[in-house]
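Numbering (the working numbering), first residue to last: 104 to 298. Note that the Cβ used here is the ideal one computed from N, Cα and C, for glycine as well. Every value quoted in this text rests on a predicted model; they were computed, and no experiment measured them.
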Amino acid sequence: MRQNRQAELIKQMTPRELTAHLYLTQLILLLVSLIAGAIFFDVDDILSRFKFDSKWVFWGIVNGIVVVGIDILLMNIMPKKFYDDGGINNKIFKAMPVWQIPIVAFVVGLTEELLFRGIVQTSIGLVAASILFAIIHFRYWTHWFLMVNVMILSFWMGIVYELADQKLWPVIAMHFTIDFLLGIYIKFGSFRKEL
């Protein structure tokens with residue numbers, strides 16, 4: 104029943120409205136990050152997490168490419184219903200100009216990783232950050248396969264964050280790579296075989 108309402112709502116919304124909601128959500132997450140960061144950390148601690156290390160940024164990109172490769176492989180071998188998010192991603196990315204895809208990918212990567220790795224994981228750990236990351240992806244709650252994917256992905260990014268000595272650019276690069284490549288993949292057709 105909930106899926107039908109969600110699908111109907113998505114059908115009624117234009118791609119522009121969905122994109123606006125996406126940016127609004129990211130703005131809210133950024134504000135939560137800034138407030139939580141101001142409460143739990145000093146400015147120097149937060150700025151230290153943005154130290155750039157090209158080796159780890161490279162590994163973030165490589166990990167992102169591996170995730171996308173696995174995801175595309177699974178999209179092509181699993182039944183289509185396993186990846187059904189209600190059509191949101193298709194509706195957003197099919198209509199989005201190519202130049203906007205990297206902007207969206209960067210905004211999402213920056214805001215979500217700042218909050219979930221930089222604030223939550225640093226404060227209360229990998230498990231809590233991964234659970235909260237999965238919870239905010241509420242449109243997947245009724246899709247067990249997508250929830251498992253999001254949870255595994257969150258743990259994977261959290262491990263990269265820890266291995267990179269809690270630096271944010273590697274996980275931002277990983278998140279950006281995943282969202283950018285999958286956005287391009289959706290934009291230009293998945294070439295997915297129908298099952």
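Around the beta carbon of Met199, 16 or more other beta carbons lie within 10 angstroms, which makes this residue buried. Shown here, Met178 sits in a helix according to DSSP, grouped into three states. If you draw a straight line from the Cα of Leu176 to the Cα of Tyr186, it comes to about 12 Å. Here the alpha carbon of Ile138 sits roughly 10 Å from the alpha carbon of Leu132.
In the displayed model, Ala208 falls within a helix according to three-state DSSP.
Secondary structure of Trp202 (DSSP, three-state): coil. Sequence-distant partners of Asp188 (beyond 5 residues in either direction) whose C-beta falls short of 8 Å from its own C-beta, in its chain, are Arg242, Tyr243, His246, Leu249.
Pairing Leu218 with Val210, the inter-Cα distance amounts to about 12 Å. Relative to Ile206, the option among Glu120, Gly221, Ile287, Leu112 whose CA is nearest is Ile287. Straight-line spacing of the CA atoms in Thr117 and Met254 works out to 29 Å. Spatial neighbours of Ala267 in its own chain (CB-CB distance under 6 Å, excluding positions within 5 residues in sequence) are listed in chain order as Trp159, Pro273. In the DSSP annotation of this structure, Asp187 is not part of any alpha helix (DSSP H), being labelled neither H nor E.
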